[in-house]
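Heads up: the structure comes next, in structure tokens.
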Amino acid sequence: MIQVDRLVKSFGSIVAVDRISFEVSKGEIVGFLGPNGAGKTTTMRILTCFIPATSGQAKVGGFDVMTDSIEVRRRIGYLPESVPLYGEMRVNEYLNYRAKLKGVPRAERSSRIGYVMERCRVDDRARQLIGTLSKGYRQRVGLADAMLHNPDLLILDEPTVGLDPIQIRETRKVIKELGEQHTILLSTHILPEVEMVCERVMIIASGQIKLDDKLANLRGGAVIHLEVRGPQQNVHNMLETIDGVAGVDAREPQDGLAVFDVRTKNDEDLREKISQRVAQNGWPIRQLDLRQRTLEDRFIEAAMKVEE
Amino acid sequence: MKNLWTLTQREIGGFFLSPIAYMVLIGMLAVSCLNFWFLLTELSELRIEAAGEASPMVRYVAANLWFWLSMLIMVPVATMRLIAEEKRSGTIEVLMTAPVTDLEVVLSKFIGCVAFYCTMWTPSVIFLVVLRQYGNFEFDWWPLYAVYLGVFTVGLMFLSVGLFYSSLTRNQIVAAILTFATVLIMFSTFLIHWYLERNPSWSAWAPPIKYSAVLLHLIDFGTGKMEVKYLAFHLSVMVFMLFLTTKIVEARKWR
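Next up, the structure:
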């Protein structure tokens, strides 16, 4: 559905997107995650043909965003971050106008508008002026607009920002349901949202993709947390010799104790082995436990990697 | 181009959904009334017209101070929000990511404001019809057709200039002031023309300057000197400005 190849976008001397490449296949719900200013919106604007890339190539449904812009735009539904709408129009007028622009055939238009209004639960405000709607309703009108022409690809830029918790839950539900028929690229910096809605996560920071994996794989990673009283360097060296250890990260010592996070191969639980080896060396253990690595850890790790 | 009509409908709707449109229309109605009153006063006095002078009818339509004051205000007000407002509110992002071309967007905005401009002029025309029907005053329609055609093409030119300025900025006030200044300059060049014509060493410059002295075009049209070159000038400025506007809208893709 989406093929992005070494995409670069710079604004003057600032490089907003720096040689990113990724692919999204049909039917995936991809969470586009990153801190503010990471380049999420810029990437989405390139994909929706609003701004062009400085270099590199992006294709949507096989059409190049630069050369076949109109064809690309026919196939996407886009919800921009600030949800700009014409405040002086009524909800149904606006959707009717957008449906005409997006080439929804006349015969299907009113049934399609009815369907999206019901789906996004704005049907009770059909005759209200958009300018008088609350933020949550505006967001839903924007979403209704995005799915109006039944596009193959939905690009949603922070669709739940500014909503109250109930609206957030409802919006996520709608997105999840939409994901059954559409490919969705969703940007956000709310981590639980990604965990609830998406199948795949891309973390972007400083214009580069730091991580791109299935959510299931990201969740699985476990780490063993160890606090032990002993010479830090010796303990470190010893831990690395244990079979099945993928890596040892020394943490800040606490109360004179050496603290480590041990990553293991294949998420093997090495707690017993570790305690045995530490005990053999005569170092007292204060804490030893297995911690699931959360998406948040991975996110911060990926984001920090850049700053170092 | 099939989206053009949809977009234009929204543009026209956009005009008449804003209070500014009604203020402008009321203002224009007041100006038309005032001019009509002046016309009636003038017609009821017996007076011999000098050759080459604008007739009271032409003065009623275009060769009067009120006409120019209203042009100076109406044109910027009608055009300032067209693109600047879309940029400021961000709706340009939704608009440009729909399957529409840049040219369609620019043309629809232009047609929208031309429609508004024509609406502004209807009272002035209706008054003339009333004068002929109920005032039993047999005047010649033809010079008036020519003047109204001139008012229309001059309007096209000014509106395209306003649209262009509106595409340059996201601030409506900036767009309005630039448009105002341009219309003012094109209006006041008739003074320069007047000076050049009377100064033998500079008189060769008078004809080129006359192209921008829009007031003189309208007076010429009204006195039977309907020169196609001035119409062509108005229309070519319009085409050029619309072309530039399309390029400016497109220019977001060059950065």
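Line order of the protein sequences matches chains G and L.
FYI, numbering that gives the first Met the number 0 numbers position 101 of the first sequence as 100, with every residue one higher than the one before it.
FYI, numbering that gives the first Met the number 0 numbers position 128 of the second sequence as 127, with every residue one higher than the one before it.
For glycine and all other residues, C-beta sits at the position ideal for the given N, C-alpha and C.
Here the structure is a predicted model, which means the values were calculated and not measured.
CB contact check: residue i to chain G, cutoff 9 Å
i	result
GLY89(L)	yes
THR5(L)	yes
SER165(L)	no
THR100(L)	yes
GLN171(L)	no
GLN132(L)	no
Residue i at chain L interface by Cβ criterion, 9 Å
i	result
SER186(G)	no
GLU307(G)	Per-residue confidence for GLU307(G) stands at a pLDDT of 46, beneath the threshold of 50, marking its modelled position as unreliable; no derived number is given.
ILE50(G)	yes
ARG97(G)	yes
THR47(G)	yes
LEU84(G)	yes
GLU169(G)	no
ARG124(G)	no
ARG228(G)	no
ARG111(G)	no
ASP144(G)	yes
ARG120(G)	no
ARG139(G)	no
ARG105(G)	no
ARG44(G)	yes
Residues near residue i by beta carbon distance below 7 Å, same chain, minus five either side
i	result
VAL146(L)	VAL57, VAL60, ALA61, LEU217, PHE220 and GLY221
GLU307(G)	In this prediction, GLU307(G) scores a pLDDT of 46, lower than 50, which makes its location untrustworthy; no coordinate-derived value is stated.
GLN166(G)	GLY135
VAL160(L)	THR178, THR181 and MET240
Whole-angstrom distance between residue j and residue i, CA atom to CA atom
i	j	result
VAL121(G)	LEU214(G)	32 Å
ASP101(L)	CYS48(G)	12 Å
ARG108(G)	ARG139(G)	19 Å
GLY38(G)	LEU32(G)	10 Å
PHE126(L)	SER186(G)	59 Å
SER211(L)	PHE186(L)	8 Å
ILE299(G)	PRO18(L)	50 Å
LEU158(L)	ALA203(L)	30 Å
SER68(G)	LEU155(G)	19 Å
PRO51(G)	VAL153(L)	37 Å
VAL277(G)	ALA145(G)	58 Å
ASP63(G)	VAL71(G)	7 Å
LEU183(L)	PHE35(L)	24 Å
CYS117(L)	LEU128(G)	28 Å
LEU64(L)	MET27(L)	13 Å
GLY86(G)	GLY13(L)	10 Å
ALA175(L)	TYR164(L)	8 Å
LEU210(G)	PRO191(G)	17 Å
LEU6(G)	VAL200(G)	19 Å
Listed by chain order, chain L residues near residue i by CB distance under 9 Å
i	result
TYR77(G)	GLU92, VAL93, THR96 and ALA97
GLY102(G)	LYS1, ASN2 and PRO98
MET69(G)	A small correction: the amino acid at residue 69(G) is Ile; Met does not occupy that position in the sequence shown. Near ILE69(G) (Cβ distances below 9 Å), the residues of chain L are PRO98, VAL99 and THR100.
Sequence-distant residues of the same chain with beta carbon closer than 6 Å to residue i, five excluded per side
i	result
PHE138(L)	MET56
ILE72(L)	none
ILE110(L)	THR7
ARG169(L)	ALA83, LYS86 and ARG87
SER107(L)	LEU3, LEU6, THR7 and GLU10
ILE174(G)	VAL196
HIS148(G)	LYS101 and VAL103
ARG111(G)	VAL103
Helix, strand or coil at residue i [DSSP, three-state]
i	result
GLU307(G)	Model confidence at GLU307(G) stands at a pLDDT of 46, short of 50, so the residue's coordinates are unreliable and nothing is read from them.
THR170(G)	helix
ARG199(G)	strand
GLY149(L)	helix
GLY30(G)	strand
GLY86(G)	coil
GLN2(G)	strand
GLN253(G)	strand
THR168(L)	coil
GLU226(G)	strand
LYS175(G)	helix
Amino acids of chain G, ordered along the chain, whose beta-carbon sits closer than 9 Å to that of residue i
i	result
SER69(L)	Result: empty, since nearest Cβ-Cβ is about 25 Å, beyond 9 Å.
SER17(L)	GLU87
ARG251(L)	PHE49, ILE50 and PRO51
Residues that residue i contacts on chain L, provided the C-beta gap is smaller than 7 Å
i	result
ARG72(G)	THR96, ALA97 and PRO98
SER81(G)	GLY89
Residue i: CB within 8 Å of a non-hydrogen atom of the ligand COA
i	result
VAL103(G)	Inclusion of the ligand COA in the displayed structure is not the case, the ligand content being empty and no account of it being possible.
Partners in chain G for residue i, counting only beta-carbon separations shorter than 8 Å
i	result
GLY13(L)	TYR85 and GLU87
Proximal residues to residue i (C-beta, below 8 Å), its chain only, five neighbours per side dropped
i	result
LEU162(L)	THR78, LEU81, ILE82, VAL105, LYS108, PHE109, CYS112, MET240, LEU241 and THR244
Chain G residues whose Cβ lies nearer than 7 Å to that of residue i
i	result
ARG9(L)	TYR96
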